[in-house]
Amino acid sequence: MEVIADPIAMQRRAEAARRWGDRIALVPTMGFLHEGHLTLMREGRARASMLVASIFVNPTQFGPNEDLAHYPRDLSGDLAKLREVPVDVVFTPDREAIYTPGAQTWVEVTELTRGLCGAHRPGHFRGVTTIVAKLFNLVKPHFAIFGEKDFQQLRAIQRMVIDLNFDLEIVPMPIVREKDGLAMSSRNAYLSPDERRDALALSRALFAARDHYVAGMRDAETLRKTALKVIAETPKVELEYLEAVDADTLEWPARADRPILLAVAARVGTTRLIDNIVLGVRRP
Ligand code: AMP
Numbered sequence: 272m273e274v275i276a277d278p279i280a281m282q283r284r285a286e287a288a289r290r291w292g293d294r295i296a297l298v299p300t301m302g303f304l305h306e307g308h309l310t311l312m313r314e315g316r317a318r319a320s321m322l323v324a325s326i327f328v329n330p331t332q333f334g335p336n337e338d339l340a341h342y343p344r345d346l347s348g349d350l351a352k353l354r355e356v357p358v359d360v361v362f363t364p365d366r367e368a369i370y371t372p373g374a375q376t377w378v379e380v381t382e383l384t385r386g387l388c389g390a391h392r393p394g395h396f397r398g399v400t401t402i403v404a405k406l407f408n409l410v411k412p413h414f415a416i417f418g419e420k421d422f423q424q425l426r427a428i429q430r431m432v433i434d435l436n437f438d439l440e441i442v443p444m445p446i447v448r449e450k451d452g453l454a455m456s457s458r459n460a461y462l463s464p465d466e467r468r469d470a471l472a473l474s475r476a477l478f479a480a481r482d483h484y485v486a487g488m489r490d491a492e493t494l495r496k497t498a499l500k501v502i503a504e505t506p507k508v509e510l511e512y513l514e515a516v517d518a519d520t521l522e523w524p525a526r527a528d529r530p531i532l533l534a535v536a537a538r539v540g541t542t543r544l545i546d547n548i549v550l551g552v553r554r555p
């Protein structure tokens, strides 16, 4: 497994691989890898002859009062997991090499990023789409794999790829959960045992709405209220938002005849967690 830190070296390596006829898959991450990340890696492995994982805690997607300085890191543990997949190239650039002095260009997806997390994390998605566009130019992938855990991020990136004519395929992957339902996340490492138990309210709420949907309920607001009721049973979960929106446009109201995205963000202690579920026919 090669580990490359220099962006120019990464670009040259990708160019050489393309000349050889390799098909490149990229899985962008911020590290502290868990089974959710590794499922994306295995999908990339199955699709491509060269699998690249990037590990970069991207400063431009963190707000001034967010957890950039404390974001969990374990490079040697991550490398051991990536070797197991196996991954061909790990791209681990330094902050300074990615954001060179004088940088002033941003990529912004306007409508899809207005609501949900975009309303609560100003500048977050602009940081995400900018770093992902840069990674696409550095790694030159044919496929890029993203998790539905970050559903709004996935939709914004899909839009960016269409709007800016990136010549690659975005591959979405379902959320990987712990046995008890908690969506896997690097940030789960912040949770105390009590908080870990309280955090289950998020998935429990989404599953209650899913059960209601399966039983025939199609009214988005009623489904939202079903989930809200479950969250309210755990007072230590401080809700940021719980919304039912159209799973394609992310707009409210969701129509009964189209897939509904039920998305939640909440704080448990100081940890911000997100989760979601799509109700109705899945459209990637
Ligand atoms: P992150 O390291 O949190 O930036 O995540 C990197 C990629 O892994 C993103 O595409 C995430 O959506 C995806 N991911 C994170 N957690 C999960 C999960 N539990 N299930 C599926 N994909 C995930």
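Its first residue numbered 272, the sequence shown is counted upward by one per residue in the numbering used here. Don't be surprised by glycine CBs; every beta carbon is placed ideally from N, CA and C.
Check whether residue i and residue j have beta carbons under 9 Å apart
| i | j | result |
| --- | --- | --- |
| residue 322 | residue 315 | yes |
| residue 534 | residue 510 | no |
| residue 281 | residue 432 | no |
| residue 312 | residue 329 | no |
| residue 346 | residue 369 | no |
| residue 507 | residue 546 | no |
| residue 518 | residue 531 | yes |
| residue 418 | residue 310 | yes |
| residue 297 | residue 407 | yes |
| residue 428 | residue 399 | yes |
Distance between residue j and residue i (C-alpha atoms, nearest Å)
| i | j | result |
| --- | --- | --- |
| residue 348 | residue 272 | 14 Å |
| residue 497 | residue 455 | 23 Å |
| residue 555 | residue 373 | Because residue 555 sits at a pLDDT of 49, beneath the cut-off of 50, its placement in the model cannot be relied upon, and the following sentence gives the value as read from the coordinates. Using only the alpha carbons, I get a separation of about 37 Å. |
| residue 265 | residue 512 | There is no way to answer for residue 265, as the model of the chain reaches only from 272 to 555. |
| residue 477 | residue 332 | 26 Å |
| residue 355 | residue 285 | 22 Å |
| residue 339 | residue 549 | 29 Å |
| residue 485 | residue 390 | 30 Å |
| residue 258 | residue 482 | There is no way to answer for residue 258, as the model of the chain reaches only from 272 to 555. |
| residue 341 | residue 299 | 20 Å |
| residue 439 | residue 403 | 12 Å |
| residue 360 | residue 378 | 26 Å |
Option nearest residue i by Cα separation, candidates the options
| i | options | result |
| --- | --- | --- |
| residue 504 | 523, 518, 549 and 471 | 471 |
| residue 382 | 508, 434 and 356 | 434 |
| residue 437 | 421, 412 and 458 | 412 |
| residue 318 | 546, 443 and 469 | 443 |
| residue 540 | 320, 402 and 466 | 466 |
| residue 291 | 298, 297 and 283 | 283 |
| residue 543 | 401, 337, 475 and 351 | 337 |
| residue 376 | 401, 440 and 483 | 401 |
| residue 295 | 415, 380, 387 and 343 | 415 |
| residue 358 | 371, 324, 515 and 495 | 324 |
| residue 274 | 384, 353 and 293 | 353 |
| residue 557 | 289, 279 and 387 | In the structure as shown, the chain starts at 272 and stops at 555, and residue 557 therefore has no counterpart that could be examined. |
is_contact[residue i, chain C] using C-beta, thresh 9 Å
| i | result |
| --- | --- |
| residue 402 | Of the chains in the structure shown, none is chain C; there is only one protein chain. |
Pair every Cβ in the segment 447-457 with every Cβ in the segment 297-313, then say whether three or more of these pairs are closer than 8 Å.
-> yes
Can at least three beta-carbon pairs, one atom from the segment 516-530 and one from the segment 485-500, be found at a separation below 8 Å?
-> yes
Do the segment 457-477 and the segment 422-429 touch if we need at least three Cβ pairs shorter than 8 Å?
-> no
The segment 351-366 contacting the segment 392-401, beta-carbon criterion three pairs below 8 Å | no
Ranges of the alpha helix (DSSP H) found wholly within the segment 311-370, counting only runs of at least 4 = 346-355 and 366-369
Enumerate, from N- to C-terminal direction, the unbroken beta strand (DSSP E) stretches of 3 or more residues contained entirely within the segment 373-455.
-> Counting only runs of 3 or more residues that sit fully inside the segment 373-455, the beta strand (DSSP E) segments are 414-418 and 440-444, in chain order.
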